[in-house]
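For reference, the structure discussed in these notes is given below.
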Amino acid sequence: MPPVLTLLTPADGRRVPWRNGLGLTTEIALEAVDGGRFLWRVSVADVAAAGPFSAFPGYDRLIAVVEGPGMRLTVDGAAPVERRRMESAFAFPGEAAVDCTLLGGPIRDFNLMLDRATAKGAVTMLAGPLAHAAEADAVLVHALAGTLTVTAAEGGEAIAVPAGYSVLVRGGAATVTVPEDGEGVCAEVWRRG
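Letter 25 of the sequence shown, counting from 1, is numbered 28 in the working numbering, and no numbers are missing.
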């Protein structure tokens, strides 16, 4: 049976306040579990000013800059780490004390959060032209520029994904085709055990 592909429009996103009350994030997709926790969540946050990150104990986080100049993160007092637009995602524990400084203005970042006990994941930045093969329990592809195409394995359907839209893939592998002028992000989630 081929994987199931679901197109998510910008209107499907849910705007929620940060836990620390200092900003807003748009939840693109999540898989809820008991007690108000989630197995995983993909979101995009607008960061307008420097400040601390919210704490998410028990979660692993992967974050990448998708708009704006970039940011400098200090995690638990360690040496700062800089990330600029379309550079590889930075991973850190959700319970860490994280301070963010902006590198020249507001940014938008892509976030994958994973319940550490039950899931693991990866974030891949996509810049065309390329074809990226993804296979996980859940795959979310978010288009940033151009129109990406997500094609399910085993002769499944193909979905065009314009900028600002996403596709959630469940139940198997898919190929993401990124045109020369295209950019996107691919989050892959695997259940542990």
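Where a beta carbon is used, it is the ideal one built from N, C-alpha and C, also for glycine.
Ends of the beta strand (DSSP E) at Asp63?
On the sequence shown, residue 63 is found 60 positions in, with the first residue counted as 1. Asp63 -> beta strand (DSSP E) spans Tyr62 to Glu70.
What do you get for Val164, buried or exposed, if any count of 16 or more other CB atoms within 10 angstroms of its CB means buried?
Here residue 164 is taken as the residue at index 161 of the sequence shown, counted from 1. Classification for Val164: buried.
Quick check on the DSSP output: what are the complete beta strand (DSSP E) runs of length 3 or more inside the region 122 to 171, in order along the chain?
122 to 130, 133 to 148, 150 to 155 and 161 to 165
Tell me the DSSP secondary structure of Pro20 in three-state form.
Against the sequence shown, residue 20 aligns to sequence position 17. Strand.
Beta strand (DSSP E) containing Ser46: first to last residue?
Position 43 of the sequence shown, counting from 1, holds the residue named residue 46. Taken as a continuous stretch (DSSP letters only), the beta strand (DSSP E) holding Ser46 covers Phe41 to Val50.
So, using beta-carbon positions, are Glu183 and Pro132 closer together than 8 Å?
For the purposes of this step, residue 183 is taken as residue 180 along the sequence shown, with counting starting at 1. For the purposes of this step, residue 132 is taken as residue 129 along the sequence shown, with counting starting at 1. A contact, by the Cβ cut-off of 8 Å.
How would you write the range of the beta strand (DSSP E) that Leu106 sits in, first residue to last?
Taking the sequence shown and counting its residues from 1, one reaches residue 106 at position 103. Leu106 -> no beta strand (DSSP E), and no H or E assigned at all.
Can the beta-carbon of Asp112 be found closer than 8 Å to that of Val69?
Your numbering for residue 112 matches position 109 in the sequence shown. Your numbering for residue 69 matches position 66 in the sequence shown. Cβ distance < 8 Å, so Asp112 and Val69 count as in contact.
Going by C-alpha distance, which of Cys103, Asn114 and Leu33 is nearest Asp140?
Sequence index remark: in the sequence shown, residue 140 carries index 137 (1-based). Closest by alpha carbon: Leu33.
Express the C-alpha separation of Ala155 and Leu129 in angstroms, rounding to a whole number.
Here residue 129 is taken as the residue at index 126 of the sequence shown, counted from 1. Here residue 155 is taken as the residue at index 152 of the sequence shown, counted from 1. Roughly 18 Å separates the two Cα atoms.
Is Pro96 helix, strand or coil when you go by DSSP?
As a first step, residue 96 is located in the sequence shown; it is residue number 93 there, counting from the start. Of the three classes helix, strand and coil, the one that applies to Pro96 here is strand, per DSSP.
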